[in-house]
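*Asks:*
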Amino acid sequence: MLELDWNIVIKNLPLLWKGMVLSLKLFAIALVGGIFFGTLLAMARLSSWWILRKPSQWLVDAIRAIPFIMAIFWFYFLTPKIVGAFTGEQGEAIGPFWSAVIAFILVESAYFSEIIRAGIQSIPRGQPWAAYALGMNYWQAMGNVVLPQAFRNMLPIMLTQAIILFQDTSLVYVVGLKDFLGAASTAGQISGRVVELYLFVALVYLVICFSLSRVVKRLQERMDVGRT
Amino acid sequence: MVMIDIKGVSKWYGEKQVLVDCTTTVAKGEVVVVCGPSGSGKSTLIKTVNGLEPFQKGEIIVDGLSVGGKDTDLAKLRSRVGMVFQNFELFPHMSVTKNLCIAQEKVLGRTADEAHDKGLKLLDRVGLIEHKDKYPAQLSGGQQQRVAIARALSMDPIAMLFDEPTSALDPEMINEVLDVMVELAHEGMTMMCVTHEMGFARKVADRVIFMEKGGTILEDCSKDEFFNTPRKPRTQDFLSKILAH
Amino acid sequence: MDWLNFAFFLEKAPSGGMTYLGWLASGVLWTLIVSICAWVIAFSLGAVLGVMRTTPIKWLSVPATIYVDIFRNIPLLVQMFLWYFVMPELIPTAMGDWLKQTYPYLLTLPFAQFSLWEFTAAVICLGLYTASRVAEQVRSGIQSLPRGQTNAGLAMGFTLPQVYRHVLLPMAFRLIIPPMTSEFLTIFKNSSTALVIGVLELTAQARQINEYTFQTFPTFIVATAVYIVITMTVIFCMRLLEKRVAVPGYVSQGGH
Numbered sequence: 001m002l003e004l005d006w007n008i009v010i011k012n013l014p015l016l017w018k019g020m021v022l023s024l025k026l027f028a029i030a031l032v033g034g035i036f037f038g039t040l041l042a043m044a045r046l047s048s049w050w051i052l053r054k055p056s057q058w059l060v061d062a063i064r065a066i067p068f069i070m071a072i073f074w075f076y077f078l079t080p081k082i083v084g085a086f087t088g089e090q091g092e093a094i095g096p097f098w099s100a101v102i103a104f105i106l107v108e109s110a111y112f113s114e115i116i117r118a119g120i121q122s123i124p125r126g127q128p129w130a131a132y133a134l135g136m137n138y139w140q141a142m143g144n145v146v147l148p149q150a151f152r153n154m155l156p157i158m159l160t161q162a163i164i165l166f167q168d169t170s171l172v173y174v175v176g177l178k179d180f181l182g183a184a185s186t187a188g189q190i191s192g193r194v195v196e197l198y199l200f201v202a203l204v205y206l207v208i209c210f211s212l213s214r215v216v217k218r219l220q221e222r223m224d225v226g227r228t
Numbered sequence: 229m230v231m232i233d234i235k236g237v238s239k240w241y242g243e244k245q246v247l248v249d250c251t252t253t254v255a256k257g258e259v260v261v262v263c264g265p266s267g268s269g270k271s272t273l274i275k276t277v278n279g280l281e282p283f284q285k286g287e288i289i290v291d292g293l294s295v296g297g298k299d300t301d302l303a304k305l306r307s308r309v310g311m312v313f314q315n316f317e318l319f320p321h322m323s324v325t326k327n328l329c330i331a332q333e334k335v336l337g338r339t340a341d342e343a344h345d346k347g348l349k350l351l352d353r354v355g356l357i358e359h360k361d362k363y364p365a366q367l368s369g370g371q372q373q374r375v376a377i378a379r380a381l382s383m384d385p386i387a388m389l390f391d392e393p394t395s396a397l398d399p400e401m402i403n404e405v406l407d408v409m410v411e412l413a414h415e416g417m418t419m420m421c422v423t424h425e426m427g428f429a430r431k432v433a434d435r436v437i438f439m440e441k442g443g444t445i446l447e448d449c450s451k452d453e454f455f456n457t458p459r460k461p462r463t464q465d466f467l468s469k470i471l472a473h
Numbered sequence: 474m475d476w477l478n479f480a481f482f483l484e485k486a487p488s489g490g491m492t493y494l495g496w497l498a499s500g501v502l503w504t505l506i507v508s509i510c511a512w513v514i515a516f517s518l519g520a521v522l523g524v525m526r527t528t529p530i531k532w533l534s535v536p537a538t539i540y541v542d543i544f545r546n547i548p549l550l551v552q553m554f555l556w557y558f559v560m561p562e563l564i565p566t567a568m569g570d571w572l573k574q575t576y577p578y579l580l581t582l583p584f585a586q587f588s589l590w591e592f593t594a595a596v597i598c599l600g601l602y603t604a605s606r607v608a609e610q611v612r613s614g615i616q617s618l619p620r621g622q623t624n625a626g627l628a629m630g631f632t633l634p635q636v637y638r639h640v641l642l643p644m645a646f647r648l649i650i651p652p653m654t655s656e657f658l659t660i661f662k663n664s665s666t667a668l669v670i671g672v673l674e675l676t677a678q679a680r681q682i683n684e685y686t687f688q689t690f691p692t693f694i695v696a697t698a699v700y701i702v703i704t705m706t707v708i709f710c711m712r713l714l715e716k717r718v719a720v721p722g723y724v725s726q727g728g729h
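Residue numbers (the numbering used here), protein chains in the order written: chain A, 1 to 228; chain L, 229 to 473; chain X, 474 to 729.
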């Protein structure tokens with residue numbers, strides 16, 4: 001059995017911190033982008049126009065059917081080719097970070113759109129009716145009446161999805177990005193010891209995600225009380 | 229002058245026809261009560277007037293504008309016709325005052341001050357000024373419906389549509405809402421009301437429309453004629469049932 | 474359009490004595506094997522943990538809750554590393570060495586360019602991780618049953634285990650077929666994370682083919698299509714199952 005030597009973690013803390021910053025950056029961009037485009041996708045899926053409803057449904061179903069890593073690979077390998085087709089230059093294009101950002105926004109949009117769609121559908125039909133009866137147009141009714149209520153109802157589920165998203169950011173390891181996990185892996189390769197580093201990474205994720213999930217649970221309980 | 233002109237309106241949900249060739253009018257200042265058994269399409273009919281329910285055949289003209297017309301600005305038309313719903317449909321995430329102001333600001337483009345003044349004046353009128361900072365869920369059903377009426381009035385409507393405004397209320401709250409409606413009628417508001425409150429109809433209605441299962445208008449006559457000498461046996465039957473108690 | 478040329482799939486691949494299509498097919502095969510093995514662990518352990526969480530007995534419900542909290546709150550990829558790299562170092566040295574040196578060659582996996590230990594670590598990791606998700610589904614399935622059901626069972630003279638056996642579980646398992654379907658699909662998709670420890674499942678094979686041939690579009694289109702087709706097939710089969718076991722007239726009260 002291996003003697004654990006935590007000095008190796010302490011020595012690499014600056015590197016790990018840089019990795020965590022990258023993880024958090026990706027998380028924040030993907031969260032905002034995912035909710036924004038997810039909202040639009042949800043509205044398209046509930047549209048009365050076939051041309052909006054069907055393709056958006058196909059897109060969401062397809063994204064949800066493939067592994068997250070697959071989506072990351074798609075953009076990692078393809079964006080250089082697509083950009084290359086326009087500029088004539090192969091290679092770097094937009095780099096692994098931004099290709100990962102695109103993949104994350106796309107995948108998260110699909111997942112958030114399902115949550116937001118359920119949220120919109122949970123609002124009684126009379127609410128948009130009342131908004132329309134007051135002369136509001138579609139965007140005013142959505143923005144002032146339907147979405148604020150939908151988001152409020154869906155807050156716990158959206159936060160849970162955000163926690164999952166935070167964990168999923170570690171998947172960018174597969175394209176060699178130095179996120180929190182990637183940084184630990186690099187440090188491990190340099191020093192030849194991975195055990196303490198991976199245990200530390202697991203512990204940090206556990207503490208962050210567990211505390212956040214407790215907050216969500218508290219929130220959920222408070223909302224359940226408020227409803228009855 | 230005809231304010232609402234419904235001409236031969238038919239509507240289908242898929243295969244099922246829910247409105248059959250409905251024709252009637254509401255003149256300016258007139259109070260028209262629509263009644264009939266459940267499933268007769270009266271709620272659907274009143275929702276076609278401001279385009280909440282689309283219809284496939286016929287035409288509806290409100291103050292000279294065709295509701296189903298391609299060039300009609302439906303939002304603008306709706307902003308001029310107030311509507312009160314069975315389940316109040318106050319916006320639960322906004323305070324009472326915000327409920328009264330939001331459409332004035334966003335739709336009519338009034339300033340926050342104008343909207344606030346107007347809203348509070350109407351809230352005072354329905355006797356709820358002390359509840360201005362509460363949220364809808366903190367009010368009783370009757371109070372919520374009075375706020376909803378004030379909200380509709382805040383848009384300075386040329387006509388008001390009421391879709392069973394008292395049927396979701398506990399009995400002891402019905403009168404506070406009806407009182408507000410009677411007052412409105414006496415002030416000369418053009419009103420189209422789907423309701424079972426025959427007392428209200430007797431008191432203020434000019435005309436009564438009776439609809440029958442399947443979405444047809446069976447009777448469309450003056451109040452006196454409706455209550456005293458109904459022509460159709462089905463109407464007599466309905467009246468005897470509803471007035472039995 | 475040369476970037477939509479699928480003919481190269483029939484060329485001989487550099488290793489394994491197969492064509493590129495063969496690589497892809499072995500990827501599909503191993504994705505399915507890993508998923509199904511992990512699913513057996515996830516479902517049996519998850520069901521037990523889920524039931525434990527609903528019991529009023531503290532020494533059953535608390536460990537189950539802790540298990541779920543731990544396994545749900547560490548990223549799957551990190552767990553993959555913990556099983557593969559870290560676990561062998563934390564057990565007695567002799568056992569760790571056996572795992573790393575002898576165990577991988579106990580059995581040569583067909584069509585595989587990876588060892589038994591890599592496969593086992595991936596299955597354990599996916600199985601134990603998904604068990605925590607299954608446990609949550611089972612728990613909420615049981616808790617969504619009307620409370621009166623337990624009381625009615627006890628009133629008839631059933632013991633608590635009998636109430637679970639005859640009243641709660643038969644109903645709960647019908648209710649959770651749809652979530653279980655999506656959990657299987659989750660395992661199926663998550664099995665791609667096994668590529669980080671060298672298991673050449675479908676996504677890994679797609680990446681490998683791309684690296685050898687640079688046929689990015691056709692390779693990923695085919696791999697993506699395979700995922701979508703299998704997903705649709707599973708959904709279709711589960712709908713059939715759902716109809717077969719449906720209790721006549723019983724509609725679960727979803728939503729609020």
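Glycine included, each C-beta is placed from N, C-alpha and C at the ideal position.
(1) Pull out every residue of the region 690-704 of chain X whose Cβ sits closer than 8 Å to any Cβ of chain A, in chain order.
(2) Should the region 698-705 of chain X be regarded as contacting the region 661-675 of chain X, the criterion being three or more beta carbon pairs within less than 8 Å?
(3) Report the start-end ranges of each alpha helix (DSSP H) in the region 606-650 of chain X that is 4 residues or longer and not cut off at the edges.
(4) On the DSSP letters alone, give me the boundaries of the alpha helix (DSSP H) that L4 (chain A) sits inside.
(5) What residues in the region 178-200 of chain A bring their beta carbon closer than 7 Å to a beta carbon of chain X?
(6) Contact defined as beta carbons within less than 8 Å: I believe G279 (chain L) pairs with V262 (chain L). What is the distance between those atoms, to the nearest angstrom?
(7) Relative to chain A, which residues along the region 556-577 of chain X have a C-beta separation below 7 Å, given in chain order?
(8) I357 (chain L) CB to nearest chain A CB: under 9 Å?
(9) From F75 (chain A) to V501 (chain X), what distance separates their C-alpha atoms?
(10) At 9 Å on the CB atoms, spell out the chain L contacts of M136 (chain A), in chain order.
(11) Can you give me, in chain order, the residues of the region 533-551 of chain X that have a beta carbon less than 8 Å from any beta carbon in chain A?
(12) Tell me, to the nearest whole angstrom, how far the beta carbon of P385 (chain L) is from that of V277 (chain L); I am working on the premise that it is less than 8 Å.
(13) Would you kindly work out how many angstroms separate the C-alpha atoms of S185 (chain A) and F481 (chain X), rounded to a whole number?
(14) How far does the alpha helix (DSSP H) with Y76 (chain A) in it extend, from its first residue to its last?
(15) Whole-angstrom Cβ separation of Q678 (chain X) and S499 (chain X), contact assumed at under 8 Å?
(16) Which of the three DSSP states is assigned to W512 (chain X) in this structure?
(17) Which value, in whole angstroms, describes the spacing of the CA atoms of F37 (chain A) and F631 (chain X)?
(18) With respect to the beta strand (DSSP E) encompassing T252 (chain L), which residues constitute its N-terminal and C-terminal limits?
(19) Any beta-carbon of chain A closer than 9 Å to the one on F390 (chain L)?
(20) Does DSSP put M383 (chain L) in a helix, in a strand, or in coil?
(21) Would you mind listing the beta strand (DSSP E) stretches within the region 362-410 of chain L that are 3+ residues and don't spill past its ends, in chain order?
(22) Tell me F482 (chain X)'s beta-bridge partners as DSSP assigns them.
(23) Going straight from the alpha carbon of S382 (chain L) to that of V146 (chain A), what length do you get?
(24) May I ask you to report which of helix, strand or coil DSSP gives T457 (chain L)?
(25) Determine the burial state of G135 (chain A): buried for a count of at least 16 other Cβ atoms within 10 Å of its Cβ, exposed for fewer.
(26) Based on Cα-Cα distance, which residue from X:I708, X:R606 and X:Y578 lies nearest to T593 (chain X)?
(27) Taking the C-alpha atoms as reference points, what is the distance between L627 (chain X) and R717 (chain X)?
(28) Could you check whether Q552 (chain X) and F558 (chain X) sit closer than 9 Å to each other, using their CB atoms as the reference points?
(29) Have a look at X:F687, X:F646, X:P487 and X:E674 and flag the residue whose alpha-carbon is nearest the alpha-carbon of S517 (chain X).
(30) Is the distance from the Cβ of L155 (chain A) to the Cβ of L219 (chain A) below 9 Å?
(31) Can I69 (chain A) and S617 (chain X) be called in contact, C-beta distance under 9 Å?
(32) What are the start and end residues of the alpha helix (DSSP H) that includes W58 (chain A)?
(33) Just verifying my parser: in three-state terms, what is the DSSP assignment at I474 (chain L)?
(34) Within the chosen definition, does the region 689-696 of chain X reach the region 509-523 of chain X through at least 3 CB pairs nearer than 8 Å?
(35) Look at the alpha carbon of D391 (chain L) and the alpha carbon of S271 (chain L), and state the distance between them as a whole number of angstroms.
(36) What residues of chain A sit near N278 (chain L), judged by a beta carbon separation below 7 Å?
*Replies:* Taking the geometry as given:
(1) So the close ones are F690, F693, A696, T697, Y700, I701 and T704.
(2) yes
(3) 620-628 and 642-648
(4) Locating residue 4 (chain A) in the first sequence gives position 4, where the first residue counts as 1. Taken as a continuous stretch (DSSP letters only), L4 (chain A) belongs to no alpha helix (DSSP H), as it is neither H nor E.
(5) Of all residues in the region 178-200 of chain A, L181, V194, V195, Y198 and L199 have a Cβ within less than 7 Å of some Cβ in chain X.
(6) Counting from one through the second sequence, the residue named residue 279 (chain L) turns up at place 51. Counting from one through the second sequence, the residue named residue 262 (chain L) turns up at place 34. Not quite, the Cβ-Cβ distance comes to about 17 Å (not below 8 Å), so this is no contact.
(7) F558, V559, E562, L563, I564, P565 and T566
(8) Here residue 357 (chain L) refers to the residue found at position 129 when the second sequence is read from its first residue. It does not; no Cβ of chain A falls within 9 Å.
(9) Translated into the one-based positions of the first sequence, residue 75 (chain A) becomes position 75. Translated into the one-based positions of the third sequence, residue 501 (chain X) becomes position 28. A direct Cα-to-Cα measurement between F75 (chain A) and V501 (chain X) gives close to 22 Å.
(10) The residue you call residue 136 (chain A) lines up with position 136 of the first sequence. Ordered by position in chain L, the residues that pass the 9 Å Cβ test against M136 (chain A) are A303, R306, S307, I330, A331, K334 and V335.
(11) Taking 8 Å as the upper bound on Cβ-Cβ separation, chain A lies near residues D542, I543, R545, N546, I547, P548, L549, L550 and V551 of the region 533-551 of chain X.
(12) Taking the first residue of the second sequence as 1, we reach residue 385 (chain L) at position 157. Taking the first residue of the second sequence as 1, we reach residue 277 (chain L) at position 49. With a Cβ gap of about 12 Å, P385 (chain L) and V277 (chain L) do not count as contacting.
(13) Here residue 185 (chain A) refers to the residue found at position 185 of the first sequence. Here residue 481 (chain X) refers to the residue found at position 8 of the third sequence. Cα to Cα, S185 (chain A) sits roughly 35 Å from F481 (chain X).
(14) Your numbering for residue 76 (chain A) matches position 76 in the first sequence. Note, Y76 (chain A): alpha helix (DSSP H), F68 to T87.
(15) Within the third sequence, the letter at position 205 stands for residue 678 (chain X). Within the third sequence, the letter at position 26 stands for residue 499 (chain X). About 7 Å separates the two Cβ atoms, so the contact holds.
(16) Taking the third sequence and counting its residues from 1, one reaches residue 512 (chain X) at position 39. In this structure, W512 (chain X) counts as helix in the three-state DSSP scheme.
(17) Here residue 37 (chain A) refers to the residue found at position 37 when the first sequence is read from its first residue. Here residue 631 (chain X) refers to the residue found at position 158 when the third sequence is read from its first residue. Each residue's Cα considered, the two are about 53 Å apart.
(18) For the purposes of this step, residue 252 (chain L) is taken as residue 24 along the second sequence, with counting starting at 1. First-last of the beta strand (DSSP E) with T252 (chain L): K244 to A255.
(19) For the purposes of this step, residue 390 (chain L) is taken as residue 162 along the second sequence, with counting starting at 1. Cβ-Cβ to chain A under 9 Å: no for F390 (chain L).
(20) Stepping through the second sequence from its first residue, residue 383 (chain L) is reached at position 155. Three-state result, M383 (chain L): coil.
(21) 387-391
(22) Residue 482 (chain X) sits at position 9 when you count from the first residue of the third sequence. In DSSP, F482 (chain X) forms no bridge with anything.
(23) As a working note, residue 382 (chain L) is residue 154 in the second sequence. As a working note, residue 146 (chain A) is residue 146 in the first sequence. Distance between the alpha carbons of S382 (chain L) and V146 (chain A) is about 21 Å.
(24) As a first step, residue 457 (chain L) is located in the second sequence; it is residue number 229 there, counting from the start. If DSSP states are grouped into helix, strand and coil, T457 (chain L) belongs with coil.
(25) Residue 135 (chain A) sits at position 135 when you count from the first residue of the first sequence. Looking at its Cβ environment, which holds 16 or more other Cβ atoms inside 10 Å, G135 (chain A) is buried.
(26) The sequence position of residue 593 (chain X) within the third sequence is 120, counting from 1. Here the closest residue by C-alpha is X:Y578.
(27) Taking the third sequence and counting its residues from 1, one reaches residue 627 (chain X) at position 154. Taking the third sequence and counting its residues from 1, one reaches residue 717 (chain X) at position 244. When rounded, the distance between both Cα atoms is 29 Å.
(28) The residue labelled residue 558 (chain X) in the question sits at position 85 within the third sequence. The residue labelled residue 552 (chain X) in the question sits at position 79 within the third sequence. Cβ atoms of F558 (chain X) and Q552 (chain X): not closer than 9 Å.
(29) For the purposes of this step, residue 517 (chain X) is taken as residue 44 along the third sequence, with counting starting at 1. Cα-wise, what sits closest to S517 (chain X) is X:F646.
(30) As a working mapping, residue 155 (chain A) is identified with position 155 in the first sequence. As a working mapping, residue 219 (chain A) is identified with position 219 in the first sequence. The answer is yes: Cβ separation under 9 Å.
(31) Walking along the first sequence from the start, residue 69 (chain A) turns up at place 69. Walking along the third sequence from the start, residue 617 (chain X) turns up at place 144. For I69 (chain A) and S617 (chain X), no; Cβs fall outside 9 Å.
(32) The sequence position of residue 58 (chain A) within the first sequence is 58, counting from 1. Start and end: W50 to A65.
(33) What is shown of chain L runs 229 to 473, which leaves residue 474 (chain L) out entirely.
(34) no
(35) Position 163 of the second sequence, counted from the start, is the residue given in the question as residue 391 (chain L). Position 43 of the second sequence, counted from the start, is the residue given in the question as residue 271 (chain L). Distance between the alpha carbons of D391 (chain L) and S271 (chain L) is about 6 Å.
(36) In the second sequence, residue 278 (chain L) corresponds to position 50, counting from 1. Against chain A, a Cβ distance below 7 Å from N278 (chain L) picks out A133.
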